[in-house]
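Peer 1: Start counting the sequence shown at 544; every next residue gets the next number (the numbering used here). Yeah, the Cβ is synthetic: ideal placement off N, Cα and C, and Gly gets one too.
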Amino acid sequence: MLSNVTYNALKSFIWGIANDCLVDVYDLGDYRKIILPMFVIRRLDAVLEEKHEEVIKKKKELINLGVKDNMDAALFQVAGQNFVNKADFTLKDLKGVSRSKTLKDDFIAYLDGFSSNVQVIIDKFHIRNEIERLSQQDRLGMLIEKFVDPKYNFNNKPVLNEDGTVKIEALDNHSMGTLFEEVIRMFNEETNVTDAGRHFTPRDIVELIADLAFIPIQDKIDSTSYRIYDGAAGTGGMLTVGEQRILELARKIDKNVNINLFGQENSDETYAIAKADMLVKGEGIQADNIRFGSTISQDRFAGETFDFMLSNPPFGTAWRSDLKTYGVNKKEEIIDSRFVINYDENPSFSFLPDIGDPQMLFLANNISKMKTETRLGSRIVEVHNGSSLFTGRAGQGASNLRRYIFEQDLLEAIVALPENLFYNTGIGTYLWILSNKKEDRRKGKVQLIDARNMKEALRKNLGSKNCEIPGDIRKEIVKLYLDFDKADKEKSLVFDNKDFGHIAIDVLVPLRLKMLVSDEALNSLKDFDKSLYEIVVKVLEIESSSFNNFMQLVEEEVKSSKLKLPAKAKRLIRDLLTQVSEDGEIVLDSKGNPESNKELKDSEIIPLNYEGGIEAYLENEILPYKKDAFFDMKSKQIGYEISFTKYFYKPKELRNIDEIIKDIEEIEKNTKGLLSSILEGIR
């Protein structure tokens, strides 16, 4: 990890390049289109510099042997990397080219010299589209000269002094990703471009996520292969740190593990940096496992499963564009088996949340990729904002996903994090920790950890980030998790799964009607249907007090007259000849069941753990106030939600009355009797 001094120097250096080379040529908001790809290209170039001459020598040998195509694999071995550049020059070589036309052609040839796996990265940055403009404005040479300044090291190896000591620190992959995001943030601040849902995960949070994923199962790590996946990979930092952490733990217990990384990202820039990082790490196959596209609608790992899934998905950003990719107009038309399953006798049990927030889809995607046949199963640690705890009514997508998670006993814990931890948003966030192979003490239980005040202030804000979770506090949080039901009750509570569940159900009361016949009403019925009018008048001579009896006789007369009584006519008779009344007769439907008064429909939220169930709830909580009430069982929906505020609320202690009186007396003293004179005047 880079020291703060080196990191800040590099950050200022890159920002300075933008200001020095792009001013008056590009708008401030377009700086990133040039700086970011040049940043990555210089990174790749720096890694290849050491073996460049050997690569070119080998290339010429292969050409002399008649090999002109498919030489990349042989050159990879010479370069000692899983990528290569076959151009005859490096960026440092291009620094001395003075004529803009020659430089432009040479730079294009330099870019074309990269192996195919780097071409994908270059294409995602769209830098070729800008070369002509940079060349015409004589800025291409300036950019190259700045980026190859020997005072700054873009290599993943340190620059050494003659005695072997470190002269300039190495730029490790996560620092590269952090620096990349920091530059993006700085560009965004200058142009007022912000997106709270798309934010890079700071190193301290990534470290905490890795700890919570791996430390709880460290004694179960075997000498085998593990697959780590991030469906919102960003620049790949979560994968990189996850790999480092499990390797560290494995070494401590003398286990030899093989880690395979997999990620998906749908932003061109961040996808390119993640793929570049994998190549620089020497992970050629791993780089192929970083795939482009929307995880929601273009699952590049369909049908695959993973041991660990670490993610910080976007939230608060609409996923409407995914509907187009699916080829549907409404989310209800989606049939993706990750998000719509057969559950609880419902073949279309949907996890699909509101179209304005995709974060729950990433969680559902991860759950669909859990392993079931291995010793560890799968562990998921995912960042969410507060809405995932409660958004959506019972029976809706987000609540259905929470219900599935609780009923399948997948949730181990949720950790509430401090606000202002992220660069581009200050909102509160939470870590969801899931496992399908819980240890026995956690089965049927969920732990809530309140770490909202467990933080350390930064000396200087980084965008919205004004605090961090350093290593010692991170250890405290992990200890709270490991201590489970023995943890400090001020910061950690353990509940049964059912404690978070409820039943949402409609409460109905019978419709009561009184017969109320008038000449005006009968004339209106006569205007509607004369034959029906005559039948009604006839029946009224027999029955005019009980609406149920009256309607039964009307229907019998209509049938014997070989006429029809459509629903519209029934409604008209009811509207014209009755009125709603509390002491009226309960109206029965064709099956003899009470009809409900739709105007008085209410709803209830009944805790799943209510003693005696919904029958007892009706008896105890409703019937004493509505004697004829009953539940509409067809409306019954099961939902789950979590309220940290409810469980960790600490009411402020009221001040002692003596203290209040003392303060008032002090105020009176300081005002020199003014208060008394005012009060005296109004007595």
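Near His-1096, which residues of its chain fall below 8 Å by C-beta distance, leaving aside the five closest residues on each side in sequence?
Peer 2: The residue you call residue 1096 lines up with position 553 of the sequence shown. Here the sequence assigns Leu to residue 1096, which means His is not the residue at that position. Same-chain partners within the cutoff: Val-1082, Ile-1085, Glu-1086.
Peer 1: Look at the alpha carbon of Asn-625 and the alpha carbon of Leu-579, and state the distance between them as a whole number of angstroms.
Peer 2: Here residue 625 is taken as the residue at index 82 of the sequence shown, counted from 1. Here residue 579 is taken as the residue at index 36 of the sequence shown, counted from 1. Cα to Cα, the separation comes out at about 22 Å.
Peer 1: Out of curiosity, what's the CA-to-CA distance linking Ala-861 and Ser-978?
Peer 2: For the purposes of this step, residue 861 is identified with residue 318 of the sequence shown, where counting begins at 1. For the purposes of this step, residue 978 is identified with residue 435 of the sequence shown, where counting begins at 1. Taking the straight line joining both Cα atoms gives about 28 Å.
Peer 1: If you draw a straight line from the alpha carbon of Met-1094 to that of Ile-1149, how long is it in whole angstroms?
Peer 2: Taking the first residue of the sequence shown as position 1, residue 1094 is located at position 551. Taking the first residue of the sequence shown as position 1, residue 1149 is located at position 606. Cα to Cα, the separation comes out at about 38 Å.
Peer 1: Beta-carbon separation of Pro-961 and Met-997 under 8 Å?
Peer 2: In the sequence shown, residue 961 corresponds to position 418, counting from 1. In the sequence shown, residue 997 corresponds to position 454, counting from 1. Going by C-beta atoms, Pro-961 is nearer than 8 Å to Met-997.
Peer 1: Alpha carbon to alpha carbon, what distance is there between Ile-839 and Arg-881?
Peer 2: Position 338 of the sequence shown, counted from the start, is the residue given in the question as residue 881. Position 296 of the sequence shown, counted from the start, is the residue given in the question as residue 839. Looking at the two C-alpha atoms, the distance is approximately 9 Å.
Peer 1: Between which two residues does the alpha helix (DSSP H) harbouring Tyr-814 extend?
Peer 2: Within the sequence shown, the letter at position 271 stands for residue 814. Here the alpha helix (DSSP H) through Tyr-814 covers 811-823.
Peer 1: Counting C-beta neighbours from all protein chains within 10 Å, is the total for Cys-673 16 or more, i.e. buried, or is it exposed?
Peer 2: Numbered from 1 along the sequence shown, position 130 holds the residue referred to as residue 673. In the sequence on display, residue 673 carries Glu and not Cys. Buried.
Peer 1: Please report the residue range of the alpha helix (DSSP H) in which Ile-898 lies.
Peer 2: For the purposes of this step, residue 898 is taken as residue 355 along the sequence shown, with counting starting at 1. Per DSSP, Ile-898 belongs to no alpha helix (DSSP H) and is neither H nor E.
Peer 1: So, is Val-749 buried or exposed, given that buried needs 16 or more other C-beta atoms within 10 angstroms?
Peer 2: Position 206 of the sequence shown, counting from 1, holds the residue named residue 749. Buried.
Peer 1: Specify, as a first and last residue, the run of the alpha helix (DSSP H) that Tyr-574 falls within.
Peer 2: Taking the first residue of the sequence shown as 1, we reach residue 574 at position 31. Unbroken alpha helix (DSSP H) run through Tyr-574: 574-592.
Peer 1: Please name the residue, chosen from Asp-692, Ile-670, Asp-773, that lies closest to Lys-635 on a Cα-to-Cα basis.
Peer 2: As a working note, residue 635 is residue 92 in the sequence shown. Nearest of Asp-692, Ile-670, Asp-773 to Lys-635, Cα basis: Asp-692.
Peer 1: Please report the straight-line C-alpha distance between Leu-587 and Arg-995, rounded to a whole angstrom.
Peer 2: As a position in the sequence shown, residue 587 is number 44, starting the count at 1. As a position in the sequence shown, residue 995 is number 452, starting the count at 1. Approximately 40 Å, taken between the alpha carbons.
Peer 1: What residues in its chain sit with their C-beta under 6 Å from that of Asn-704, if we drop five residues either side in the sequence?
Peer 2: Residue 704 sits at position 161 when you count from the first residue of the sequence shown. Taken in chain order, the residues that qualify are Lys-710.
Peer 1: Identify the continuous alpha helix (DSSP H) that holds His-595 and give its terminal residues.
Peer 2: Here the question's residue 595 lines up with position 52 in the sequence shown. Per DSSP, His-595 belongs to the alpha helix (DSSP H) from 595-607.
Peer 1: Enumerate, from N- to C-terminal direction, the unbroken beta strand (DSSP E) stretches of 3 or more residues contained entirely within the segment 1118-1183.
Peer 2: Segments of the beta strand (DSSP E) lying fully in the segment 1118-1183: 1121-1123, 1145-1150, 1173-1183.
Peer 1: Compute the Euclidean distance between the alpha carbons of Lys-594 and Val-823, then round it to the nearest angstrom.
Peer 2: In the sequence shown, the residue the question calls residue 594 occupies position 51. In the sequence shown, the residue the question calls residue 823 occupies position 280. Straight-line Cα distance between these residues: approximately 14 Å.
Peer 1: Three-state secondary structure (DSSP) at Gln-624?
Peer 2: Locating residue 624 in the sequence shown gives position 81, counting from the first residue. In the structure shown, Gln-624 sits in coil (DSSP, three-state: anything other than H, G, I, E or B).
Peer 1: Specify, as a first and last residue, the run of the alpha helix (DSSP H) that Lys-1102 falls within.
Peer 2: What you label residue 1102 is simply residue 559 of the sequence shown in a count that begins at 1. Segment 1090-1103, the alpha helix (DSSP H) holding Lys-1102.
Peer 1: Is the segment 1187-1197 touching the segment 1143-1162 in the sense that three or more CB pairs, one from each, lie closer than 8 Å?
Peer 2: Counting Cβ pairs under 8 Å, fewer than three are found: no touch.
Peer 1: Using only alpha-carbon positions, find the residue among Ile-992, Phe-1071, Leu-1075 that is nearest to Lys-1032.
Peer 2: Taking the sequence shown and counting its residues from 1, the one referred to as residue 1032 is at position 489. If we check each option's Cα against that of Lys-1032, Ile-992 comes out closest.
Peer 1: Give the DSSP-derived three-state secondary structure of Met-997 in the structure shown.
Peer 2: In the sequence shown, residue 997 corresponds to position 454, counting from 1. Coil at Met-997, not helix or strand.
Peer 1: Can you tell which of Phe-619, Ser-931, Leu-953 has the C-alpha that lies nearest to the C-alpha of Ala-959?
Peer 2: Position 416 of the sequence shown, counting from 1, holds the residue named residue 959. Answer by Cα proximity: Ser-931.
Peer 1: Count the other CB atoms, across all protein chains shown, that sit within 10 Å of the CB of Ser-1168; report buried if there are 16 or more and exposed otherwise.
Peer 2: For the purposes of this step, residue 1168 is identified with residue 625 of the sequence shown, where counting begins at 1. For the record, residue 1168 in the displayed sequence is Tyr; it is not Ser. By the 10 Å Cβ count, Tyr-1168 comes out exposed.
Peer 1: Between the alpha carbons of Leu-906 and Glu-925, how many angstroms are there, rounded?
Peer 2: On the sequence shown, position 363 is the one that residue 906 refers to. On the sequence shown, position 382 is the one that residue 925 refers to. Rounded to whole angstroms, Leu-906 to Glu-925 spans 7 Å at the Cα level.
Peer 1: To the nearest angstrom, how far is the alpha carbon of Ile-910 from that of Tyr-886?
Peer 2: Taking the first residue of the sequence shown as 1, we reach residue 910 at position 367. Taking the first residue of the sequence shown as 1, we reach residue 886 at position 343. So the alpha carbons of these two residues sit roughly 15 Å apart.
Peer 1: Please state whether the Cβ-Cβ distance between Gly-720 and Gly-780 is less than 8 Å.
Peer 2: By 1-based counting over the sequence shown, the position of residue 720 is 177. By 1-based counting over the sequence shown, the position of residue 780 is 237. Their beta carbons are under 8 Å apart, which means Gly-720 touches Gly-780 by this criterion.
Peer 1: Give the straight-line distance between the Cα atoms of Val-856 and Ile-1046, rounded to the nearest whole angstrom.
Peer 2: Along the sequence shown, one-based indexing puts residue 856 at 313. Along the sequence shown, one-based indexing puts residue 1046 at 503. According to the sequence shown, residue 856 is Pro rather than Val. Between Pro-856 and Ile-1046, the C-alpha separation is close to 30 Å.
Peer 1: Just how far apart, CA to CA, sit Val-1130 and Ser-1061?
Peer 2: On the sequence shown, position 587 is the one that residue 1130 refers to. On the sequence shown, position 518 is the one that residue 1061 refers to. Val-1130 and Ser-1061: Cα-Cα distance of roughly 21 Å.
Peer 1: Between which two residues does the alpha helix (DSSP H) harbouring Ile-1200 extend?
Peer 2: For the purposes of this step, residue 1200 is taken as residue 657 along the sequence shown, with counting starting at 1. Residues 1200-1213.
Peer 1: Helix, strand or coil, according to DSSP, for Ser-930 in the structure here?
Peer 2: Position 387 of the sequence shown, counted from the start, is the residue given in the question as residue 930. Here Ser-930 sits in helix by DSSP.
Peer 1: Specify the secondary structure class of Val-883 as computed by DSSP and reduced to three states.
Peer 2: Position 340 of the sequence shown, counting from 1, holds the residue named residue 883. DSSP places Val-883 in strand when its eight states are reduced to three.
Peer 1: Would Ala-819 pass as a contact of Val-583 if the rule is Cβ separation under 8 Å?
Peer 2: Translated into the one-based positions of the sequence shown, residue 819 becomes position 276. Translated into the one-based positions of the sequence shown, residue 583 becomes position 40. For Ala-819 and Val-583, yes; Cβs fall inside 8 Å.
Peer 1: Quick check on DSSP: helix, strand or coil for Thr-972?
Peer 2: Looking up residue 972 in the sequence shown gives position 429. In this structure, Thr-972 counts as strand in the three-state DSSP scheme.
Peer 1: Taking the beta carbon of Val-736 as the centre, do at least 16 other beta carbons fall within 10 Å, making it buried, or is it exposed?
Peer 2: Translated into positions along the sequence shown, residue 736 becomes position 193. Residue confidence for Val-736 is low, a pLDDT of 44 falling below 50, so the modelled location carries little weight and cannot support an answer.
Peer 1: Beta-carbon within less than 8 Å of Asn-660's beta-carbon, same chain only, minus the 5 sequence neighbours each way: which residues are those?
Peer 2: Translated into positions along the sequence shown, residue 660 becomes position 117. Here the set comprises Asn-625, Phe-626, Lys-818, Leu-822, Gly-827, Ala-830, Asp-831.
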